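Trainee:
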Amino acid sequence: MNIVRANPEQLFEYGPFTVRRQRPGEALSPLLSVDLMSLKLDARMPMQQHQDEEVFTYLWRGSMQHQDSNGERTQLSAKRVMVVNAGEGVQYEESVPLFEAELLQAVIRPSQPGGEAMTQVLERDQGIMTNGWTELAGPEASDAPLELRQEAYIYDTLLERNQSLDVPAMPGFVAWLTVLEGIIRVGNQRLGRGDVLTGSGSGVEMTGERDANLVCFLVKPDGPA
């Protein structure tokens with residue numbers, strides 16, 4: 001496993017937006033970008049066209065409103081996770097009308113272009129599970145609650161202090177584990193907000209040093225995209 005440290009040059013601030021952009025690179029080519037965002041009250045991302053993208057939106061604090069071009073509104077929070085399969089094309093805007101928001105938004109390239117646009121929402125009354133991984137999204141043929149048109153899986157957890165957990169692993173897949181908040185320890189290395197643990201192989205254990213929100217992507221690097 002390798003550690004990618006948070007880089008100040010990846011941090012952009014503009015008005016109510018603070019964005020840290022991670023680019024996994026060729027080793028995980030279907031995973032185009034991972035943005036960690038802090039949005040202040042009344043922040044708004046205007047109506048935009050999306051095509052041939054799998055857009056994963058995940059909040060761990062606050063709430064955000066998603067509105068499509070038909071006027072349909074969906075509130076997102078730690079209890080509501082969204083995947084937009086943009087396919088042949090979809091338009092939507094996002095705003096923060098009620099509470100400031102902390103979120104991750106990732107763009108994954110689908111295995112094939114086109115297809116019908118689709119919006120999926122996972123509702124979970126209990127919110128983020130502590131000290132165990134929840135499978136949020138996976139390929140269409142998998143049993144994951146949210147479908148991705150790519151050989152990729154997404155998991156999350158809240159790892160509490162002094163608790164340990166193995167990094168998700170699967171043969172032929174590479175992990176991209178992002179620390180959203182808190183601190184974890186892997187071996188003698190400490191990882192904090194914006195740091196990434198990446199690579200393949202099973203049995204990699206991490207321990208919470210401070211309660212940590214984590215999202216992990218497993219991506220098949222040689223999959224078509």
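Heads up, the sequence shown is in full-length UniProt numbering, so the first residue is 1 and it goes up one at a time. Even for Gly, the Cβ is constructed at its ideal location relative to N, Cα and C. In this text, all values refer to a predicted model and were calculated from it rather than measured experimentally.
Excluding five sequence neighbours on each side, which residues of the same chain lie with their C-beta closer than 7 angstroms to the C-beta of glycine 192?
Mentor: As a first step, residue 192 is located in the sequence shown; it is residue number 192 there, counting from the start. Excluding residues up to 5 positions away in sequence, Val179, Ile183 lie with their Cβ nearer than 7 angstroms to the Cβ of glycine 192 in the same chain.
Trainee: Counting only the same chain and skipping the five closest in sequence on each side, list residues whose C-beta sits under 8 angstroms from that of tryptophan 133.
Mentor: For the purposes of this step, residue 133 is identified with residue 133 of the sequence shown, where counting begins at 1. Tyr155, Asp156, Thr157, Leu165, Pro168, Cys216.
Trainee: Within a Cβ cutoff of 7 angstroms, which residues of the same chain sit near lysine 79, ignoring the five residues on either side of it in sequence?
Mentor: Here residue 79 refers to the residue found at position 79 when the sequence shown is read from its first residue. If we look at lysine 79 and ignore the five residues flanking it on each side, its Cβ neighbours are Glu123, Arg124, Asp125, Gly127.
Trainee: On a Cα-Cα basis, can you pick out the residue from Asp211, Glu205, Leu31, Asp68 that is closest to threonine 119?
Mentor: As a working mapping, residue 119 is identified with position 119 in the sequence shown. Minimum Cα distance to threonine 119 is reached at Asp68.
Trainee: If you follow the beta strand (DSSP E) that phenylalanine 56 is part of, which residue opens it and which one closes it?
Mentor: Here residue 56 corresponds to residue number 56 of the sequence shown, with the count starting at 1. Note, phenylalanine 56: beta strand (DSSP E), 54-61.
Trainee: Rounded to whole angstroms, what is the Cα-Cα separation between histidine 66 and valine 96?
Mentor: Walking along the sequence shown from the start, residue 66 turns up at place 66. Walking along the sequence shown from the start, residue 96 turns up at place 96. So the two alpha carbons sit approximately 9 angstroms from each other.
Trainee: On the three-state DSSP scale, how would you describe leucine 28?
Mentor: Locating residue 28 in the sequence shown gives position 28, where the first residue counts as 1. Residue state, collapsed to three classes: helix.
Trainee: If you check the beta carbons only, do tryptophan 60 and glutamate 94 fall under 9 angstroms apart?
Mentor: Here residue 60 refers to the residue found at position 60 when the sequence shown is read from its first residue. Here residue 94 refers to the residue found at position 94 when the sequence shown is read from its first residue. It is not a contact, given that the beta carbons lie outside the stated cut-off.
Trainee: Should alanine 43 and asparagine 85 be called a contact, given that it needs their Cβ atoms to be closer than 9 angstroms?
Mentor: Position 43 of the sequence shown, counted from the first residue, corresponds to residue 43. Position 85 of the sequence shown, counted from the first residue, corresponds to residue 85. Contact: no.
Trainee: Report the option in Asn70, Leu98, Gly87, Val90 whose CA atom is closest to the CA atom of leucine 76.
Mentor: The residue you call residue 76 lines up with position 76 of the sequence shown. Nearest of Asn70, Leu98, Gly87, Val90 to leucine 76, Cα basis: Leu98.
Trainee: Could you check what DSSP says for glutamine 112 in three-state terms: helix, strand or coil?
Mentor: On the sequence shown, position 112 is the one that residue 112 refers to. Coil, per DSSP.
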